[in-house]
Each structure stands twice: as C-alpha cells, then as structure tokens.
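Undergrad:
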Amino acid sequence: MRLIDTHTHLDFDNFDADRDAVLANSRQLGVDRIVVLGVYQRNLQRVWDLAISEPSVYAALGLHPVFLEEHQPEHVQQMRDWLTRLAGHPKLCAVGEIGLDYYIESLDRPRQQTLLDQQLQLAADFNLPALLHVRRSHADTIAALKRFKLKRCGIIHAFAGSREEAREYIKLGYKLGLGGAATWPQALRMHRVIADLPLESVVLETDSPDMAPAMFPGLRNSPEHLPDICAAIAKLMNIPADALAAASTANACEVFGWS
Numbered sequence: 001m002r003l004i005d006t007h008t009h010l011d012f013d014n015f016d017a018d019r020d021a022v023l024a025n026s027r028q029l030g031v032d033r034i035v036v037l038g039v040y041q042r043n044l045q046r047v048w049d050l051a052i053s054e055p056s057v058y059a060a061l062g063l064h065p066v067f068l069e070e071h072q073p074e075h076v077q078q079m080r081d082w083l084t085r086l087a088g089h090p091k092l093c094a095v096g097e098i099g100l101d102y103y104i105e106s107l108d109r110p111r112q113q114t115l116l117d118q119q120l121q122l123a124a125d126f127n128l129p130a131l132l133h134v135r136r137s138h139a140d141t142i143a144a145l146k147r148f149k150l151k152r153c154g155i156i157h158a159f160a161g162s163r164e165e166a167r168e169y170i171k172l173g174y175k176l177g178l179g180g181a182a183t184w185p186q187a188l189r190m191h192r193v194i195a196d197l198p199l200e201s202v203v204l205e206t207d208s209p210d211m212a213p214a215m216f217p218g219l220r221n222s223p224e225h226l227p228d229i230c231a232a233i234a235k236l237m238n239i240p241a242d243a244l245a246a247a248s249t250a251n252a253c254e255v256f257g258w259s
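At position 24 of the sequence shown the residue is numbered 24 (UniProt numbering), and the sequence of numbers has no breaks.
#1: Going residue by residue through the stretch 15-63, where are the continuous beta strand (DSSP E) segments of at least 3 residues, counting only ones entirely within it?
#2: What are the boundary residues of the alpha helix (DSSP H) that R189 is part of?
#3: Whose C-beta lies closer than 7 angstroms to the C-beta of W48 among residues of the same chain, with five residues either side of it excluded?
#4: For D5, decide whether its Cβ has a neighbour in chain D, counting only Cβ atoms nearer than 8 angstroms.
#5: Pick out whichever of V95, Q118 and S248 has its Cα sitting closest to the Cα of G154.
#6: Can you have a look at H89 and say buried or exposed, based on whether 16 or more other CB atoms are within 10 angstroms of its CB?
#7: What number of angstroms, rounded off, separates the C-alpha of L145 from the C-alpha of Q121?
#8: Classify residue 263 as buried or exposed, calling it buried when 16 or more other Cβ atoms lie within 10 Å of its own Cβ.
#9: Tell me whether the beta-carbon of L83 lies closer than 8 angstroms to the beta-carbon of S137.
#10: So what does DSSP say about D101, is it helix, strand or coil?
#11: Work out the CA separation of Q41 and H71 for me, nearest whole Å.
#12: Considering only their Cβ atoms, is the gap separating E105 from I142 smaller than 8 angstroms?
#13: Assuming T206 and I229 form a contact by the criterion Cβ under 8 angstroms, report the distance between their Cβ atoms to the nearest whole angstrom.
#14: Please classify R136: does DSSP put it in a helix, a strand, or coil?
#15: Using a Cβ-Cβ cutoff of less than 8 angstroms, which residues in the same chain neighbour A247 once the five nearest sequence positions on both sides are dropped?
#16: Go ahead and pull the three-state DSSP assignment for G218.
#17: Looking at V36: is its Cβ nearer than 8 angstroms to the Cβ of L50?
#18: Return the CA-CA distance between Q10 and L131, expressed in angstroms with no decimal places.
#19: Tell me whether K175 sits in a helix, a strand or coil according to DSSP, three-state version.
#20: Look at the alpha carbon of D140 and the alpha carbon of Y103, and state the distance between them as a whole number of angstroms.
#21: Quick check on the DSSP output: the alpha helix (DSSP H) that includes L226 runs from which residue to which?
#22: Taking C-alpha atoms, which residue in L92, N238 and L188 lies nearest to residue 266?
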C-alpha cells in the first residue's frame with residue numbers, strides 16, 4: 001500500500017524531538033510523500049528547509065485565516081516573492097494553507113475574504129493548486145473558487161460538508177481531503193456523505209499533529225497513522241483499503257502534477 005499525506009504541519013515544534021524517526025517510520029509504513037503547509041510568514045522558511053532536506057517532503061506556502069491578526073499586508077507581497085524565486089521548483093507543490101474560518105467568530109470576515117482572494121490570485125498567477133481550510137464557510141468559499149477558476153484547482157482540506165457542497169466542489173474540479181475526523185463513530189453525517197463520494201474525488205490526509213483519528217485518541221497525529229485512517233475510510237466507502245490507497249494516491253498526483 002503506497003500513500004500520500006496531502007496535509008501536514010510536520011514543521012511544528014511538536015515534532016522537533018523525533019521528526020527524523022517519524023519520517024523514517026512513515027516511509028516504512030508506505031507513506032511515500034508528505035505535504036507540509038505554511039500557515040504564517042514566520043514559518044515559510046522552516047517549511048521550505050524541511051522540504052529541501054527530506055526526499056519525501058513537499059512544501060505548500062500560505063497564510064492561514066486562523067492567524068489573521070498576525071498577517072501583515074506586506075506578507076502577501078513576501079509570499080509573491082517566495083513564489084517568484086521558487087517558480088518551477090519540484091519541491092513547491094501548492095499555495096496553502098489558505099481559506100475562510102467562520103467557526104472562530106472573532107476573526108474578521110471581510111479581512112479573511114480579502115486575504116483569500118489575494119492568495120487565490122497568487123495560485124492563479126503561478127499556476128499552482130490551492131489547499132483550502134474551510135470551516136462553516138462553504139458558500140463563500142465556493143463563490144470565491146467560482147470567481148477565480150483555478151486551472152489546477154486543489155484540495156478542500158478536512159472536508160466535512162454536505163452532499164450538495166461536495167458536489168459543488170467536485171464540479172469545480174476540487175478533491176476532498178479526508179482524515180482523522182471521519183474515523184470517529186459519532187461523525188454520522190460525515191459517514192453518510194463519504195459513503196456517496198466518487199473515488200476519483202478523494203485524497204487522504206492527517207493534518208498532523210492535529211485531528212487524531214479514533215484509533216489514536218488524545219495522541220499527537222502523525223503521517224504514521226495514515227494507513228489506519230485509510231483503512232477506516234475505506235470501510236465507510238465499502239471498498240478495500242488498497243483500492244482507496246491507490247485512488248487517493250493517483251488523485252493527489254493529479255493535483256500536484258506528480259508522476
């Protein structure tokens with residue numbers, strides 16, 4: 001079973017003590033490639049350094065909506081400078097993590113929308129896919145994606161929307177990222193939606209160190225858990241785990257332009 005973890009934060013200090021061991025064990029378990037995403041200006045260099053030092057790690061660069069108060073207007077220009085310098089580099093795979101978060105009510109929505117639009121424009125200008133954080137903001141996210149019409153589309157991270165929202169994203173060309181949240185027995189609505197998803201629309205992720213799956217409650221999440229997440233989601237889709245692994249890997253390669 002060969003797998004791609006399409007969404008991690010392996011640069012976070014949660015992994016400072018054993019990052020090399022996590023990467024080695026993940027490879028042994030069949031996790032061939034791991035995407036690490038930027039979330040604010042001060043970790044872009046750290047994400048990039050990790051990507052160029054580890055053969056299995058790839059970088060996405062972005063400004064996350066949850067850290068809205070930290071982002072400054074010049075950070076978007078600095079993102080553009082990063083993307084200009086790295087254009088065409090095989091280790092740069094996407095713009096992300098970007099998006100809208102309406103779950104945290106204190107986050108200014110118009111400012112979030114402006115930041116998302118600016119970064120979708122970067123994805124368009126550099127012909128990169130977008131990796132999107134969407135919490136209670138599907139309608140506005142879908143509207144933004146319709147406005148920008150990215151050629152390479154991207155992934156809706158940690159998808160937990162309705163069947164109708166899934167159909168809208170799929171119609172626009174986006175893949176739906178599934179991870180630990182879907183493995184919990186109480187996620188009944190999510191289970192019903194996942195059971196109906198077309199296999200060609202799904203990619204797998206961990207969101208390490210967050211979103212631990214049900215089989216590792218209360219623990220730090222890790223790419224090492226992706227085979228177990230794959231098995232649990234395959235059961236929800238009523239298909240063999242190997243079939244989901246193969247499809248999600250092919251779908252991720254399509255998104256990121258990998259052979």
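Using N, Cα and C, we set each Cβ at its ideal position, and we do this for glycine too.
TA: Answer, in terms of the structure:
#1: Runs of the beta strand (DSSP E) inside the stretch 15-63: 31-37 and 57-61.
#2: L188 to A195
#3: Correct list, in chain order: A59.
#4: Among the protein chains of the structure shown there is no chain D, as only one such chain exists.
#5: V95
#6: exposed
#7: L145 and Q121 have their C-alpha atoms some 11 angstroms from each other.
#8: With the chain running from 1 to 259 in the structure shown, residue 263 is simply not present.
#9: no
#10: Correct three-state label for D101: strand.
#11: The C-alpha of Q41 is placed about 7 angstroms away from the C-alpha of H71.
#12: no
#13: 7 angstroms
#14: coil
#15: L199, E200 and V202
#16: coil
#17: yes
#18: In the sequence as displayed, the identity of residue 10 is Leu instead of Gln. So the two alpha carbons sit approximately 16 angstroms from each other.
#19: strand
#20: 13 angstroms
#21: L226 to M237
#22: Since the first residue of the chain shown is 1 and the last is 259, residue 266 is not available in this structure.
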